[in-house]
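Each remark here refers to the structure printed beneath this line.
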Amino acid sequence: MGGKANRPIPEVNVFCKEDYESMAFQEISSVDGIHLHDFQIRYSEAIFPKSVSLQWKIPAHNVKGMWQPTTDFNKRTHYDWEQRFMESRISIDAPVICLFGHDDTNILTFACSDAISTTLFDACIREEDDHYHCHITFFTEQEMALTHYAAQLRIDTRSVHFSESLKDVSSWWETFENLKPIPVPDIAKHPVYSTWYQFHQNLNEDVLLAECKIASELGYKSIIIDDGWQTQDSNRGYDYTGDWQPDRIPKMSQFISKIHDVGMKAALWYSVPFCGKKSKAYQKFKGKFLTEDHRWAPVFDPRYPEVRQHLIGLYTSALQDWKLDGFKLDFIDDFHLYKDTPLGKKDGRDYGSINEAVDRLMTDVINELRAINSDVFVEFRQKYTGPAMRKYGNMFRAFDCPGDATMNRVRIADIKMLCGETAVHSDMITWHFDERVEVAALQLMNTMFGVPQLSVLLKDTPPEHLEMIRFYTDYWNQNQDVLMNGNFVPSKPLANYPIQKAVQDHFTIIGVHDDFVISLDSVTENLHILNAQLTTEIVIKSSDDFGSFQGIIFDCQGNRVSKSEIELSKGATVVEVPPCGMVQLKNLKRA
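Residue numbers for the sequence shown follow my numbering, so the first one is 383 and each next one is one higher.
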């Protein structure tokens, strides 16, 4: 792909509905198909500006679909009459779109440097001229008055794999001082046991400690204690959020100490924006909400310094007093402008912009937490896994998809291409215990290119399922470096990434999730192929004679099925592998 010529850069036009004092849009660099532009606009006085758009078009050549950060299974082309704009802001999505070709090449990737403000994006085909019309639109939320605004536009026209283009955008974001990611502690890179899908709010200390002992023995290094620890209410509501006292686990520090004695780290869940009407905090902060008209609970307004201090104090006190190791900070995407939100920097609000206030809140949270414990881990889930969120979180989790192995795989891959070294976690893995073990294994195998999070009741897990968990958790732990840090390449986005691979030095791991042929243009000394499907054959198409390999085949419970010499000759090779098993190949010439 890299040998193909870069495509010509489109002409970008600026459309503005407001009188301005000055405006400039200019190219600041153009190197090897990557074009950077600077955009600035000034007003003669502080105003709530109307929308400003950067617009361009390209011919509809070889475009198969459109990649956006959180479209899941819907990576198809958009049509201009649909008007399905993507909204990006600090706590939702990321300011990037990629048009990809039928061969997975990048056709056009465009991104904005402003990952905090609210912007609208689209790239849609217009039937009248068979062109893709693209735009980035600023000031779609009039939440604060401005005199000046500046941002950069990055357009990538290189004929490289679409995943390479996206990963390069992530690296570009990291160059901006206000988007520098925080370090990732080692604990964030290890498998997690989560309480949510199995316990919901019905937590029991003795049962949880017993589960921790089993999970630790299986290779899980931390537990996330989800909703329920703070209330005796089990209605899955948020009426009691805001105070965050451990009503269900009153001796929290002792409980955390017992978890540590088992050999695991512990994190607690918090729904950051919500302040339930049955909490003491609701009475204290009455009138300091973005809205009270929310289906779950009133939403704190982070533009008030006393609101931010209240939230920061909750987390720092918990870290100090209970000796926590981490936090699952949830629902941050509910910090946004509502129809009844008061506007402006006034009435005690020290920020006019909600997005900027969220940035201040989360910056202060992570700085104060890391001052207490530099290895604290903080989990965010999609859709708040954009570049700005890497400043405050070091674990990004796929959005909730219980029992949906395919969705878990897709969401992990989508996060992974944009998050650099931030640890990418699966949604919590769960399944019905009456499933046959091979089907249950699909849940775990579809998460292998992220960090597994498990949420099954281990004390009741069938023995064969437990052996499957043990085998694949051991495998993940042994090959963590390749799976997490190897060059990750997911193929065929419109087919939900049926083939994924990670390559590091002399080691390649390939996951095949559907009846697709694995094409090999080169081989490394070690090649592991995960048969993450229920068929019993994998087909390898080699572009050359790659020689003889020692092949060891395992079933999903780790039983060695066979050991033999396998020849990877030019053309197709069929290897029999049990459902959800794997073949481990070692090049005999290089060994």
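C-beta: ideal position from N, C-alpha, C; glycine also. Quick caveat, the model's predicted, so the values are computed rather than measured.
Report the residue from the options whose alpha carbon sits nearest the alpha carbon of residue i.
i    : options                : result
Q408 : D903, N388, A532       : A532
K640 : S598, D675, G610, K662 : S598
W611 : S924, D856, C594, I631 : I631
I934 : L909, W813, E846       : L909
C506 : E546, W463, D538, H582 : W463
N737 : D716, R752, D729, N828 : D716
P392 : D550, T529, T906, I489 : I489
V957 : I922, E817, K728       : I922
E846 : V589, F815, P565, T917 : F815
D512 : A527, I569, A493, I440 : I440
K798 : S553, D729, K728       : S553
N790 : G802, S808, T804       : S808
T829 : D550, L865, V394       : L865
Y857 : S924, S404, D746, Q966 : Q966
P628 : H642, D609, M646       : D609
In this structure, does DSSP put residue i in helix, strand or coil?
i    : result
H847 : helix
R630 : coil
R791 : helix
D809 : strand
W555 : helix
Y766 : coil
Q583 : coil
H484 : coil
A497 : coil
I564 : coil
L751 : helix
K968 : strand
M799 : coil
T550 : Just to set this straight, residue 550 is Asp in the shown sequence, not Thr. Three-state result, D550: helix.
W449 : strand
V644 : helix
T577 : coil
I569 : helix
N395 : strand
F520 : strand
M405 : strand
Y652 : strand
V819 : helix
M771 : helix
G385 : Since pLDDT at G385 reaches only 49, below the 50 mark, its modelled position is unreliable, and the value read off the structure follows with that caveat. Coil, per DSSP.
Q932 : strand
Excluding the 5 residues flanking residue i on each side, which residues of the same chain have their C-beta closer than 8 Å to its C-beta?
i    : result
I714 : S473, V654, P655, V740, M744, F762, Y766, M771
G596 : For the sequence presented, residue 596 should be read as Ile rather than Gly. So the list reads L840, K841, once near-sequence residues are dropped.
T843 : F815, I851
Here's a check: name, in chain order, each residue in its chain whose Cβ is nearer than 7 Å to the Cβ of residue i, leaving out the five neighbours to either side.
i    : result
G658 : Y620, D621, Y622, T623, G624, Y664, A679
S433 : K399, T519, F520, F521, T522
E587 : I631, F637
L824 : A787, A914, C962
M383 : For M383, the predicted structure reports a pLDDT of 47, less than 50, and the residue's modelled location is therefore unreliable. A value from the coordinates is still provided. Within the same chain, M383 has close Cβ partners T487, S541, V542, H543.
L600 : I851, R852, T855
E849 : Q939, G940
L706 : I638, A648, A649, L650, A700
S946 : G933
Q862 : K571
G415 : N388, D538, T539, R540
Is the Cβ-Cβ distance between residue i and residue j less than 8 Å?
i    : j    : result
D732 : P684 : no
V542 : T487 : yes
H419 : L585 : no
P792 : N867 : Reading off the sequence shown, one finds Val at residue 792, where the question assumed Pro. In this structure, N867 does not lie closer than 8 Å to V792 by Cβ.
L912 : I881 : no
Q932 : F853 : no
R389 : T491 : no
L548 : L800 : yes
G929 : K971 : yes
N444 : H417 : no
W704 : M634 : yes
L502 : P431 : no
P989 : K457 : There is simply no residue 989 to check, as the chain begins at 383 and stops at 973 in what is shown.
S951 : S924 : yes
Which same chain residues, not among the five before or five after residue i, have their C-beta less than 6 Å away from its C-beta?
i    : result
W555 : L561, P769
Y774 : M744, I748
D757 : P567
G385 : In this prediction, G385 has a pLDDT of 49, which is less than 50 and means its spatial position is unreliable; what the coordinates show is noted afterwards. For G385, where only same-chain residues beyond five positions count, there are no Cβ hits under 6 Å.
Y402 : I423, Y425
Mind checking if residue i is an interface residue toward chain B, Cβ cutoff 8 Å exclusive?
i    : result
R471 : Reference to chain B is not applicable here, since this structure consists of a single protein chain.
Ignoring anything shorter than 4 residues, give me the alpha helix (DSSP H) runs that lie fully in the stretch 675-740, in order along the chain. 687-704
Return the chain-ordered ranges of every beta strand (DSSP E) run that is complete within the stretch 412-442 and spans a minimum of 3 residues. 416-429, 434-441
3 or more residues per run - each beta strand (DSSP E) lying fully within the stretch 861-901: 869-873, 881-886, 889-894
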